[in-house]
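A quick write-up on the structure given underneath.
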Amino acid sequence: MTVDKQAPGSGSIMVVGGGISGLTTALEAAEVGYEVFIIEKNPYLGGRVAQLNQYFPKLCPPTCGLEINFRRIKDNPNIKVFTMAEVEKVDGAPGSYSVDVKLSPRYVNANCTCCGECAKACETEVPNDFNFGMDRIKGAYLPHEMSFPQRYVISPRIIGTEDAKKVKEACKYDAVDLDMEAKTITLSVGSVVWATGWEPYDANRIDNLGFGQYDNIITNMMLERLASKSGPTGGKIQRPSDDKAPESVAFVQCAGSRDENHLPYCSYICCMASLKHATYIREQYPDTKVYIFYIDIRSPGDRYEKFYKKIKEDENVFFIKGKVAEVSEDPDTKNITVVAENAVTGEKTHQTVEMAVLATGMQPTVANAKLPADLKVSEDGFLINDYAKGGQFAAGCAVKPLDVISSNQNATGMALKAIQTLVKR
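Going from the sequence shown to this note's numbering is simple: count from 1 and add 4.
As structure tokens, then:
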């Protein structure tokens with residue numbers, strides 16, 4: 005591993021995480037004149053928002069918001085983006101930090117024009133992590149159609165193989181560099197904003213809800229990808245076992261949330277996400293029955309409450325107040341039976357559907373990956389801002405579960421906090 009020393013950045017800010025909170029933090033700071041480094045572990049910016057089909061409050065595709073932000077980043081010389089990058093070490097004090105950042109090889113350099121010839125030449129296929137493994141992609145790939153930077157990636161799984169040689173030979177722009185190696189750079193910054201985001205709670209850990217056991221049980225984020233035109237089915241929602249259009253779908257709310265055995269807290273957005281998903285299904289299949297099993301419907305704010313009331317008026321959407329206790333599968337039809345005690349009638353409800361969707365909660369990324377910095381972390385893995393100490397701050401869903409608009413608001417505030425640290429030097 006080689007080590008490069010970066011010249012100290014006077015009054016610079018580091019933003020760790022290139023999701024919507026990280027992008028907002030970086031842009032707010034850069035557009036008032038500060039140098040900003042964005043450190044993103046994925047080969048692209050956009051985070052979880054890039055995986056959505058639509059997001060609140062306007063139910064618009066993420067392309068409209070992300071495209072504007074990517075253009076602002078591209079046009080702003082104050083912002084330097086490092087993808088496939090992770091922070092290894094943070095030393096120093098507010099106003100003067102030295103940060104070691106590991107850069108993993110992409111095996112594709114800036115000559116890439118996204119012509120796609122490398123993918124055509126590649127025969128090896130690998131799981132598509134962007135689509136939660138629901139399909140496969142070539143070992144030379146563009147992570148998704150909105151990827152920024154627009155540059156292909158060579159999977160390390162094909163490095164050293166004949167396939168890798170074919171990929172290199174197919175590139176007429178000399179963009180494929182199979183000799184790339186991991187390296188560490190050191191950046192000098194005055195403040196750090198941790199916008200490390202969230203990940204879906206692992207549904208495999210919820211033993212009674214059948215994920216991984218039964219083909220036709222998926223998660224809410226998997227449904228987002230199924231509904232997206234850039235997803236594994238070109239936007240067609242279909243059940244995995246036979247690609248059939250589902251005639252009935254059950255949503256299981258609080259799948260792993262508000263549960264002391266999993267996530268003890270409410271994940272804030274799951275109810276609204278399932279209501280949104282009901283609109284996806286009803287638009288594609290007007291006759292499909294949708295059953296939503298819930299503990300409480302949480303629709304914070306006037307706009308969300310109106311949306312909830314609109315969904316309730318749909319004669320093909322049924323709300324059942326009751327926590328799902330178990331699920332089972334008919335081995336012949338692959339249909340799913342959801343069992344819950346109706347909290348209103350006291351009766352045990354058995355509802356058979358063709359597909360079930362688990363509304364898994366938001367878990368902070370930090371819960372499963374300790375950060376190499378002196379930070380306060382809650383029992384649940386959320387970062388706790390120490391404003392008295394200053395210097396390092398957390399933004400967006402690294403702090404608590406938030407929707408997109410709230411994440412942007414929070415990130416704007418953290419950009420100001422980061423700037424104040426530099427001003428006080």
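We put the beta carbon where it would ideally sit given N, CA and C, even for glycine.
Please state whether the Cβ-Cβ distance between residue i and residue j is less than 8 Å.
i      : j      : result
Cys175 : Cys122 : yes
Ile24  : Tyr38  : no
Val40  : Asn82  : yes
Ile418 : Ile273 : One detail in the question is off: residue 418 reads as Met in this sequence, not Ile. Not closer than 8 Å, so no.
Asn80  : Glu35  : yes
Leu70  : Ala89  : no
Ala344 : Lys327 : yes
Thr364 : Tyr205 : yes
Ile158 : Ala144 : yes
Val193 : Arg161 : no
Ile77  : Leu107 : no
Leu56  : Leu27  : no
Phe86  : Glu44  : yes
Phe297 : Gln257 : yes
Lys352 : Phe322 : no
Leu362 : Ala259 : yes
Gly51  : Gly96  : no
Pro109 : Met184 : yes
Pro376 : Lys187 : no
What is the residue span of the alpha helix (DSSP H) that residue i lies within?
i      : result
Lys93  : That residue, Lys93, is in no alpha helix (DSSP H); its beta strand (DSSP E) goes 89–97.
Asp306 : 306–316
Which whole-angstrom value is the C-beta distance of residue i and residue j, which I expect to be below 8 Å?
i      : j      : result
Val105 : Ala422 : In fact, because the Cβ distance is near 17 Å, the residues do not count as touching under 8 Å.
Ile210 : His266 : 7 Å
Ala199 : Thr425 : 16 Å between Cβ atoms; not a contact.
Gly395 : Gly99  : 7 Å
Ile221 : Ala360 : 5 Å
Val357 : Ala254 : 4 Å
Phe134 : Met276 : Their Cβ separation, rounded to whole angstroms, is 23 Å, which puts Phe134 and Met276 out of contact at 8 Å.
Give the range of the beta strand (DSSP E) segment to which residue i is assigned.
i      : result
Ser332 : 328–333
Ala363 : 359–364
Thr190 : 187–193
Asp167 : Not the beta strand (DSSP E): Asp167 falls in the alpha helix (DSSP H), residues 166–174.
Met418 : No beta strand (DSSP E) holds Met418; the alpha helix (DSSP H) holding it covers 408–427.
Ala259 : 252–259
Phe322 : 321–325
State the beta-bridge partners of residue i as determined by DSSP.
i      : result
Ile140 : Sequence check: residue 140 is Arg here, not Ile. Beta-bridge pairing links Arg140 to Pro131.
Thr223 : Leu362
Glu499 : Missing from the structure shown is residue 499; the chain here goes from 5 to 429 and no further.
Thr353 : Ala344
Ile285 : For Ile285, which the question treats as bridged, DSSP gives no partner whatsoever.
Ile43  : Val20, Phe86
Phe215 : Tyr218
Asp104 : Lys93, Thr190
Gln396 : Val196
Phe297 : Val256, Ile324
Val180 : Val112
Ile158 : Ala144
Val381 : Leu387
Just mark residue i as buried or exposed, buried being the case when its beta carbon has 16 or more other beta carbons within 10 Å.
i      : result
Pro12  : A caution first: Pro12 carries a pLDDT of 38, below 50, which makes its placement in the model too unreliable to give a value.
Ile388 : exposed
Lys280 : buried
Ser14  : Note on Ser14: pLDDT 49, under 50, position unreliable in the model; the coordinate value appears next. It counts as exposed.
Ala207 : buried
Pro47  : buried
Asp378 : exposed
Val7   : Interpretation of Val7 is limited by its pLDDT of 41, a score under 50 that renders its predicted location unreliable; the figure taken from the coordinates is listed afterwards. Flag for Val7 reads exposed.
Pro268 : exposed
Pro368 : buried
Tyr391 : exposed
Arg431 : The displayed coordinates of the chain run from 5 to 429. Any statement about residue 431 would go beyond what the structure contains.
Cys64  : exposed
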